[in-house]
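Since the structure comes first, as structure tokens, the remarks are kept for the end.
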Amino acid sequence: MHLERLEVAPGVHEWALAEAVLKTLYDTLGCRRVDRLVLGLGELQAIDRDVFLFALKTLAEEMGGIGRVEVREVEARFRCRRCGYEWTLKGAGLGEEEREAIHFVPEAVHVYLSCPRCGSHDFEVVSGRGLAIIDVEGEGCRVQE
Amino acid sequence: MHLERLEVAPGVHEWALAEAVLKTLYDTLGCRRVDRLVLGLGELQAIDRDVFLFALKTLAEEMGGIGRVEVREVEARFRCRRCGYEWTLKGAGLGEEEREAIHFVPEAVHVYLSCPRCGSHDFEVVSGRGLAIIDVEGEGCRVQE
Amino acid sequence: MYRSDPRFSVIGDRLRSIDTVLVVASPKGGVGKTTIAALTALAAAGRGLQAGLLDLDLTNPCTHIVLGVDPGLELIEEEKGIVPPRIHGVSYMTVAFFTGGRGLALRGGEATNVILEILAVTRWPRLRLLVVDTPPGIRDEVLDILNIASTIHHDSRVVVVTTASRMALEAARRLLGILRDGGFRVAGLVENMATGARSGVDELAEAMGVEVLARVPYDPGLEDALGNPPALLKTRAGRALEQLLGKLF
Amino acid sequence: MYRSDPRFSVIGDRLRSIDTVLVVASPKGGVGKTTIAALTALAAAGRGLQAGLLDLDLTNPCTHIVLGVDPGLELIEEEKGIVPPRIHGVSYMTVAFFTGGRGLALRGGEATNVILEILAVTRWPRLRLLVVDTPPGIRDEVLDILNIASTIHHDSRVVVVTTASRMALEAARRLLGILRDGGFRVAGLVENMATGARSGVDELAEAMGVEVLARVPYDPGLEDALGNPPALLKTRAGRALEQLLGKLF
Ligand SMILES: Nc1ncnc2c1ncn2[C@@H]1O[C@H](COP(=O)(O)OP(=O)(O)O)[C@@H](O)[C@H]1O
Ligand SMILES: Nc1ncnc2c1ncn2[C@@H]1O[C@H](COP(=O)(O)OP(=O)(O)O)[C@@H](O)[C@H]1O
Ligand SMILES: [Mg+2]
Ligand SMILES: [Mg+2]
Ligand SMILES: [Mg+2]
Ligand SMILES: [Mg+2]
Ligand code: NI
Ligand code: NI
Ligand SMILES: [Zn+2]
Ligand SMILES: [Zn+2]
Chain A
1 MHLERLEVAP GVHEWALAEA VLKTLYDTLG CRRVDRLVLG LGELQAIDRD
51 VFLFALKTLA EEMGGIGRVE VREVEARFRC RRCGYEWTLK GAGLGEEERE
101 AIHFVPEAVH VYLSCPRCGS HDFEVVSGRG LAIIDVEGEG CRVQE
Chain B
146 MHLERLEVAP GVHEWALAEA VLKTLYDTLG CRRVDRLVLG LGELQAIDRD
196 VFLFALKTLA EEMGGIGRVE VREVEARFRC RRCGYEWTLK GAGLGEEERE
246 AIHFVPEAVH VYLSCPRCGS HDFEVVSGRG LAIIDVEGEG CRVQE
Chain C
291 MYRSDPRFSV IGDRLRSIDT VLVVASPKGG VGKTTIAALT ALAAAGRGLQ
341 AGLLDLDLTN PCTHIVLGVD PGLELIEEEK GIVPPRIHGV SYMTVAFFTG
391 GRGLALRGGE ATNVILEILA VTRWPRLRLL VVDTPPGIRD EVLDILNIAS
441 TIHHDSRVVV VTTASRMALE AARRLLGILR DGGFRVAGLV ENMATGARSG
491 VDELAEAMGV EVLARVPYDP GLEDALGNPP ALLKTRAGRA LEQLLGKLF
Chain D
540 MYRSDPRFSV IGDRLRSIDT VLVVASPKGG VGKTTIAALT ALAAAGRGLQ
590 AGLLDLDLTN PCTHIVLGVD PGLELIEEEK GIVPPRIHGV SYMTVAFFTG
640 GRGLALRGGE ATNVILEILA VTRWPRLRLL VVDTPPGIRD EVLDILNIAS
690 TIHHDSRVVV VTTASRMALE AARRLLGILR DGGFRVAGLV ENMATGARSG
740 VDELAEAMGV EVLARVPYDP GLEDALGNPP ALLKTRAGRA LEQLLGKLF
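Those sequence lines, one after another, are chains A, B, C and D. In terms of our numbering, the first sequence opens at residue 1 and continues consecutively. In terms of our numbering, the second sequence opens at residue 146 and continues consecutively. In terms of our numbering, the third sequence opens at residue 291 and continues consecutively. In terms of our numbering, the fourth sequence opens at residue 540 and continues consecutively.
Take a look at the structure:
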């Protein structure tokens, strides 16, 4: 095996997420201007907030701009599909690299965690998975169900 | 191939559904007596109402009995996962045997129907799939979320 | 959780007439799950054991091809539920009865619905052994039957099928890891298309602390015997399954 | 519907640098999807075409075994998204980078989440061809990539892989029926482990009105070449894929 790229640059898929949020605001929701935005950021999607907000502002300049942005962290909670036990990420003892993998693909959590009671890898991510637009105020935004 | 059973008896898995409903009421919800029951019956689960209600009454006798039973039909609606088109079972032109198959296993509908607009077999059954306990009144029933 | 589903409460009762549930699994396709599941049920019935076969490869069921059954509603009998037809002595249930054997496109939770529906409605007779064929992958179908069998049933075991191919071994390792973590009862490995030589299967068995229950040789005559159970039982593969039955009973 | 998902709107842009998306599929496992998908991408790159490979067998990915890659985060580069590593000239993306190649138990909609996540984050370079490997079954992974590719991309085609085995043919027929009903563009069938004799594959192709694009012979040396792309391209299987590339370009 030979690799043509081996360098690793840290934490910048924040840009992809920022782009996705803006596309949703300006294309899907039809916003012409965004004055206030509330985002729910799942704990599993452990992105670098500063990089993310910088990306959001920077990319928004080419669109209608972005006003006040509030980011709320949403705790990760799991519920075992076999035995019903519930637990959280705190104290789950994930290593750095595992968290890094999960921040790219939150579902990878099924590899690295199993139910503290019965050992099942089949559990539900009840909350804290991704990035959600909780609220938006601005001009022309059609808020959908 | 040789078969040891070839006879076919009509429409009596109504008994299995009735049994399931009663088990939920008396075991899962902990009812000691049921005075009033409202069931939502999906169009795809095209069971014989009379057989079902007879089964429900008969089987209930060994338990705490059953009071007034109201059965509401819920129309089957589909939404294409590829193109978003929505449609209903009316006019979908299903044959007798296809309906019979679907009444056993509602998901078999994906074989017999496809999106009238784009032909996709990948569509959502928005409503009308199964049997749901909509409301129950009685003694000891713990209604869960 | 299934527990709030009206069908779930019935399923425990339905499985009560079954002594042993044997789940045949591997995330890798083509290793022989379907062949081994069907042959095991047929071989057990041939020995006079009450045996059943349940096909949970919902989107692409194949056991009816092995058994030589043209699947359709006319094969099932409704009697306070569904009584599975007996095919060469095996009580047999497959989603193909309801799909006519056509491909069934299923999304996520729909698979769970189908499984709960089938398990809730099927009235198995008294069975010494119910063999469950599963689809490849580690998806709802496999997770559901593992959860249901290990939660509701008193004697459920998993047989992991593999060949000596590296991809199949890696897939088996993945599943065994998940089974070990969850404390599922693993009956052991079956090596399929075995050459007789010591293979990666032995290493895997040692590494994961499981037994190699049987070695089923590659049999070029198997394809022609598909659909003909008596002929299937006479292939080298069919005869090798005696080894598996011997380890189970 | 995906359209309301924040990631969906980005995916169209991400796929814009790709001329042709080739989805390699069959509901039957073990027919050679993974082998043919990986070899096709490698063969295209060997011919100097810009080629990519995307493994969507999320719960049991295997392309890294064919390519000889020990998967991990260290292989990916973050740069306003993820730039896929180039392996023997092929731009390569697999969920195994994030799971370390371990088995991933996934429920229903979780598969869709993973696919949207990966497609939204991956920055493919300019590609003449992106080959997509899919899992067996007719589940979310396959439905999603078919929906996404046929809706968003201007040139997506499906290659259906089969062997001459009855179970594989039946599986191919099932998928071809679904593809025909949905008006998906089918490039054709690939017969794998072909013996050279006229087989059920020809009958199926005629019945379904599709072409047999290539016949890949059974090659007992293939297993030993797994993990070694240059050696793989020299197997009879590798050489037979020239036929497929010839039909595509
Ligand atoms: N021991 C064997 N010898 C020869 N062919 C076999 C053997 N076991 C399975 N096969 C063939 O291999 C293919 C895949 O087997 P199958 O049982 O369908 O695998 P799975 O269910 O794991 O996908 C089928 O065509 C089957 O007939
Ligand atoms: N033409 C071939 N000759 C020999 N072995 C093959 C050939 N194609 C595939 N195989 C082997 O068959 C097995 C199944 O192939 P794979 O590509 O994993 O199928 P799938 O992705 O459809 O499950 C693998 O062990 C692979 O190495
Ligand atoms: Mg199978
Ligand atoms: Mg028929
Ligand atoms: Mg594969
Ligand atoms: Mg590694
Ligand atoms: Ni990052
Ligand atoms: Ni009925
Ligand atoms: Zn648990
Ligand atoms: Zn449609």
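Ideal Cβ positions, reconstructed from N, Cα and C, are used throughout, including at glycine.
Interface with chain D (8 Å Cβ-Cβ cutoff): B/S265 is included. D/I604 and D/L765 have their C-alpha atoms roughly 7 Å apart.
In this structure, D/V698 and D/V729 form a Cβ contact; the two beta carbons are roughly 6 Å apart against a cut-off of 8 Å. Counting other Cβ atoms within 10 Å of its Cβ, D/P566 reaches 16 or more and is therefore classed as buried. Contact of D/N599 with chain C is assigned, a C-beta pair being separated by under 8 Å.
Shown here, B/E206 sits in coil according to DSSP, grouped into three states, outside any helix or strand. Cβ contact annotation for B/R262 (same chain, cutoff 7 Å, sequence separation greater than five): C225, C228 and Y230, in chain order. A Cβ of chain A is located within less than 8 Å of the beta carbon of D/K619. Taking 8 Å as the upper bound for CB-CB distance, D/T702 and D/M732 are in contact here, some 5 Å apart.
Shown in chain order are the members of the segment 224–236 of chain B whose Cβ falls below 9 Å from a Cβ of chain D: R224, C225, R226, R227, C228 and G229. Residues of the segment 390–408 of chain C with a C-beta atom less than 9 Å from some C-beta of chain B are G390, R392, G393, L394, A395, L396, R397, E400, A401, N403, V404, E407 and I408, listed in chain order. Across the structure, A/Y112 and B/V250 are spaced so that their CA atoms are roughly 35 Å apart.
By the rule that beta-carbons nearer than 8 Å mark a contact, C/S440 does not touch chain B. D/S738 is the residue among D/S738, D/I687 and D/I691 whose C-alpha sits nearest the C-alpha of D/S704. As computed with DSSP, B/L186 is found in a beta bridge with B/E218 and B/L276. Separation of C/T412 and C/I366 (C-alpha to C-alpha, rounded to the nearest whole angstrom) is 10 Å. Per the DSSP secondary-structure output, D/V622 pairs in a beta bridge with D/E616. Of the candidates B/E269, B/S272 and B/L167, B/L167 places its Cα closest to the Cα of B/F197.
Excluding sequence positions up to five before and after D/H692, its CB lies within less than 6 Å of the CB of L554 and V560, all in the same chain and listed in chain order.
Interface flag for D/L593 against chain A is unset, since no Cβ pair is found closer than 8 Å. The closest heavy atom of ligand 5 lies less than 7 Å from the beta carbon of D/T573. Interface annotation for the segment 676–704 of chain D against chain C: G676, I677, R678, D679, L682 and S704, criterion Cβ-Cβ distance under 7 Å. When DSSP reads this structure, C/D345 sits in a beta bridge with C/T384 and C/D423. Non-local C-beta neighbours of B/L162 in its own chain, meaning closer than 7 Å and more than five positions away in sequence, comprise I192, F197 and L276, ordered along the chain. The set of residues whose C-beta lies within less than 6 Å of a heavy atom of ligand 9 reads, in chain order, A/C80, A/R82, A/C83, A/Y85, A/C115, A/R117, A/C118 and A/S120. In this structure, D/M706 has its beta carbon at no less than 7 Å from each heavy atom of ligand 2. Taking the CA atoms as reference points, D/L592 sits about 54 Å from B/G175. An exposed status is given to D/Y757, since fewer than 16 other beta-carbon atoms sit within 10 Å of its beta-carbon. Not flagged as an interface residue toward chain B: D/G551, since no C-beta distance is shorter than 8 Å. Identification of chain B residues near C/L305 by a Cβ-Cβ cut-off of 7 Å yields none; the smallest Cβ-Cβ distance measures about 14 Å. Only those residues of the segment 107–119 of chain A whose C-beta falls short of 7 Å from the nearest C-beta of chain C are listed: S114, C118 and G119. Nearest CB-CB separation between C/R464 and chain D: below the 8 Å threshold. Within the chosen limit of 7 Å, ligand 2 does not reach the beta carbon of C/M483 with any heavy atom. In the displayed model, A/L17 falls within a helix according to three-state DSSP.
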